[in-house]
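Using numbering that gives the first Met the number 0, the first residue of the sequence shown is number 0, and each one after it goes up by one.
To start, the structure under review is shown below, and the notes come after it.
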Amino acid sequence: MSTIATNEKIPNNVNLAGDRKLQRALEKWQPHFLEWWKEMGPEGFQADNIFLRTAISADAKGWAHFDHVKMPDYRWGIFLADAVEGRTIGFGDDYGKPVWQEVPGEYRNTLRRLIVTQGDTEPASVEQQRLLGQTCPSLYDLRNLFQVNVEEGRHLWAMVYLLHMYFGRDGREEADALLERRSGNADNPRILGAFNAPIDDWLSFFMFTYFTDRDGKYQLLALSESAFDPLSRTTRFMLTEEAHHMFVGETGILRMVQRAAEIMNEHPGEDPRKYGVIDLPTLQRYVNFWFSISLDLFGGEISSNAATYFASGIKGRAKESKHEDHVALEQIMRMDVPKDGKIVSEEVPLRNAMNEVLRSEYVEDSQRGLNKFNRLLVEMGIDFALELPSTRFNRQVGLYEGLRFDPQGNLVSEDDWKTNEKNWLPNDSDREYVKSLMTEAVHEPGKIANWIAPPKHGIKGKPFEYEYVRFD
Ligand SMILES: [Fe+2]
Ligand SMILES: [Fe+2]
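Here it is, written out as structure tokens:
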């Protein structure tokens, strides 16, 4: 089991003290990170004490330590999952050969770009969410938001460690640039489009943590199979933190669904909006939006880049060991491809379909939560089911880009789209209504905003009424 140095400036389990040059470089980066955090992290709460979970050890039971801390004092550090003795490459052309402890020269640029792109999403999401604290529905939710934020900050550390350790001078420059780009900035935006729009209402926050963080989970699962062992160990540890982010999203949506259903039962036949809750058709439109833009993050359905990543061992499939053939040279995947105004089924060599393989697993995983929401609706006697739209709906990347599909996946005309868009995607009145529900923060322990139900359980055995945030 790896030991962890928590008394150092940078908590770590990578024996940072044994590499003075690297330690000095990261200790130089650290104050810039803190400046970034204070400028771009949650606005208005830096002096308050938050009941946070901090990693104090990288093994399963040791790392979840809970305490009230001020966010700038959070112990951001570098934690890798333990090395797997004798680990070999799990897929691609070099299947079965030993994994890499250093970056092979020919893959240096590709790996660096992957790490930078992943790393860039971490601070981006903190920036997107920086104003949310000002309209929190409860102290419990406020605490969860900050937990997600500090962990995204730690994920940035995870990627910066790899850049500093394995990519020399250009790695250090990339690490600096990660603190310079800003979500939504016209001159120097974050790399991926989806990370440049502010997330300034809690409905969007729960949708983001449900759908977009789940993309993160699948990217991390694919990278944790990487032949580049330090990347594999880093992402394996990140996955343990990511699980909590999706818990926040799933239970957040579930609690909004519950609240809508309660009001529908109390006031049958009336518009739930009259009673200050988010009606189910609005929730459906937000699902349509967040699901579709998160699908884009997986990249094109047919991708030669994805084939190269797989062939070279850089990026595998989620849980590669579940698959039988790890070379994937002989297999094909069937895909629905638009051709001359119709959708036809085509065969694609499996390696070129790796983005779609990962996306399909994501879709299945996304459906699981929806089944839970729908079970609750059935239990509460409500005749409504939330659905994932077709993966063709509202896509800006890949095969379906530039075409119009309804949520069932049928091709529609531009006119049809224009007529129905307001029923399929969040419209101005939805956004205005959601905003109107979230104009102030609920800061009293045990109190909660009207539009969401309280959670079933508190955190770490504490009740919902616990003072999860202590104000300065
Ligand atoms: Fe993350
Ligand atoms: Fe996350």
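Note that beta-carbon positions come from the ideal geometry of N, C-alpha and C, so glycine has one too.
Note that the coordinates shown come from a computational prediction; the quantities given were computed from them, not determined experimentally.
Apart from sequence neighbours up to five positions away, the residues of its chain that approach ALA384 with a beta-carbon distance below 7 angstroms are ASN373, LEU376, ordered along the chain.
Distance between SER291 and ARG180, taken at the CA atoms: about 25 angstroms. Contact check for MET206 against TYR285 passes: the beta carbons are separated by less than 8 angstroms. In this structure, ligand 2 has a non-hydrogen atom nearer than 7 angstroms to the beta-carbon of ASP212. Residue environment: ALA193 is assigned as buried (16 or more neighbouring CB atoms within 10 Å of its CB, all protein chains considered). In this structure, GLU439 has its CB at a distance of at least 7 angstroms from all heavy atoms of ligand 2.
With 16 or more other Cβ atoms inside 10 Å of its own Cβ, LYS314 counts as buried. In this structure, the beta-carbon distance from PRO229 to LEU161 falls below 8 angstroms. In the three-state reduction of the DSSP assignment, ILE9 falls in the coil class, being assigned neither a helical nor a strand state.
For GLU413, the enclosing alpha helix (DSSP H) covers residues 413 to 423.
MET334 is bridged by DSSP to GLU345. In the structure shown, HIS325 falls within a coil segment according to DSSP collapsed to helix, strand and coil. Distance from the C-beta of GLU265 to the nearest heavy atom of ligand 1 is not below 7 angstroms.
Rounded to the nearest angstrom, the gap between the Cα atoms of ALA54 and ILE342 is 49 angstroms. Within the chosen limit of 7 angstroms, ligand 2 reaches the beta carbon of GLY215 through at least one heavy atom. From the listed residues TYR165, GLY43, HIS325, PHE246, the smallest Cα separation to VAL102 is found for TYR165. Of ARG52, ILE88, LEU33, ASN12, the smallest CA-CA separation from SER320 is found for ILE88. The bridge partners DSSP lists for ASP66 are LEU51. Your pair ILE9 and GLU34 does not check out as a contact, with CB atoms roughly 16 angstroms apart and the cut at 8 angstroms.
Of all alpha-carbon atoms in TYR432, HIS31, ASP405, VAL396, the one lying nearest the alpha-carbon of VAL159 is that of HIS31.
DSSP places PHE372 in the helix class (H, G or I) of the three-state scheme. A Cβ-Cβ contact shorter than 8 angstroms links SER182 with GLU126. Collapsing the DSSP output to three states places THR109 in a helix. Residue ranges of uninterrupted alpha helix (DSSP H) with 4 or more members, entirely inside the stretch 87 to 135 and ordered along the chain, are 107 to 127. Secondary structure of ARG391 (DSSP, three-state): coil.
Contact annotation: the stretch 61 to 77 does not touch the stretch 88 to 99, with fewer than three C-beta pairs closer than 8 angstroms. For VAL286, the enclosing alpha helix (DSSP H) starts and ends at 279 to 295. The closest CA to that of VAL13, considering only GLU443, LEU130, ASN409, THR233, is found on THR233. Setting aside the 5 residues that flank it on each side, PHE404 is surrounded in the same chain by SER389, ARG391, PHE392, LEU410, VAL411, each with a C-beta closer than 7 angstroms to its C-beta; the list follows chain order. With a cutoff of 8 angstroms on beta-carbon distance, ASN354 and GLU300 are scored as near each other. For the options SER359, LEU141, GLU323, the alpha carbon positioned closest to that of ASP335 is the one of SER359. Within the same chain, Cβ atoms closer than 7 angstroms to the Cβ of GLN395 are found at ASP295, the five residues on either side in sequence being excluded. As a beta-bridge residue in DSSP terms, LEU410 pairs with PHE404.
Judged by DSSP in its simplified three-state form, PHE227 adopts strand. For the 8 angstroms CB-CB criterion, LEU424 and PHE288 form a contact. The Cβ neighbour count for GLN366, taken over all protein chains shown within 10 Å, is under 16; the residue is labelled exposed.
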